[in-house]
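Engineer: Each position in the sequence shown, counted from 1, maps to that position plus 1 in our numbering.
No residue lacks a Cβ here, since even glycine has one placed at the ideal position from N, Cα and C.
Being a predicted model, the structure only gives us computed values, none of them experimental.
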Amino acid sequence: MLLDVLDSVHTAADSKEVTLLIALDLSTAFDTVCHSTLIKRLQTEFGVSGTALSWIQSYLQDRTQFVKLVLGPLLFAVYCSPVADVIASHGVRCHQYADDTQLHLAMRVDNAVAGLSILAACTTDVKQWYMQNGLQLNPDKVEALFMGTATQLRAVSSLKSVSVADVDLPVADSMRVLCVTLDHRLTFDNHASAVARSCNYHARAIRHICHLLTLD
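#1: Since L3 and V181 should fall inside the 8 Å C-beta cutoff, what is the C-beta to C-beta distance between them, to a whole number of angstroms?
#2: Could you tell me the alpha carbon to alpha carbon distance between I23 and T152, rounded to whole angstroms?
#3: First and last residue of the alpha helix (DSSP H) that includes R42?
#4: Between which two residues does the beta strand (DSSP E) carrying F147 extend?
#5: Do the stretch 4–16 and the stretch 133–144 make contact, defined as three or more Cβ pairs closer than 8 Å?
#6: Quick one: is A145 buried, meaning 16 or more other Cβ sit within 10 Å of its Cβ, or exposed?
#7: Within 10 angstroms of its Cβ, does G229 collect 16 or more other Cβ (buried), or is it exposed?
#8: Leaving aside the five residues before and after A78 along the sequence, list all residues of the same chain whose C-beta is less than 7 Å from its C-beta, in chain order.
#9: Any idea what DSSP makes of L3, helix, strand or coil?
#10: In this structure, how does DSSP classify V93 when only helix, strand and coil are distinguished?
#11: When DSSP builds the beta bridges, which residues end up paired with L170?
Rendered as structure tokens:
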């Protein structure tokens, strides 16, 4: 997923296009899945039937925390799979991992307004699909990031906000995607600094208990 996003960004930059990446966030996603819709989707769209379907049904009925931890991400991906068709209908690419969904669209810097209009319409339809399926976007946690070369980024520097699901959001300087911090120039400087800070923290923690550990 991450490699595909990076490849798309670099390919777009070579074609003199800037890429806008949108990270969607859902409110209490796993708690609001309709189990009957999920079972129907497993049957009609993924061909699950017989014993396998009965097994999943038995785990979904009258179960709570245990099943969420074991099967939640996989079944949630199945439940939300149709939203990819909604996004694709606008010519926008997307990646889904459990309740994390990223949209990205390459656009020419001299016609960025058209690209932003496409994303605005796309995210409005996505928001509607989520609502129809018992899910809700959390606009306060949705993020937007332009990525490209220095020249391309300067051309869109006047765009300080973008419309996502009928909400104007500020454009960020960096974004976390699957625990990796992406910056607008893809230098990975912010990510490297975060990893170094984490390593230093754990190294200091180990130092405090090293006298209690054996050499092995």
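Structural biologist: On the basis of the supplied data:
#1: 6 Å
#2: 21 Å
#3: 36–47
#4: 144–148
#5: no
#6: The residue in question, A145, is buried, as its Cβ has 16 or more Cβ neighbours within 10 Å.
#7: Nothing can be reported for residue 229, as the shown portion of the chain is limited to 2 through 217.
#8: Q97, A99
#9: DSSP, reduced to helix, strand and coil, places L3 within a helical segment of the structure shown.
#10: coil
#11: Bridge partners of L170: V163.
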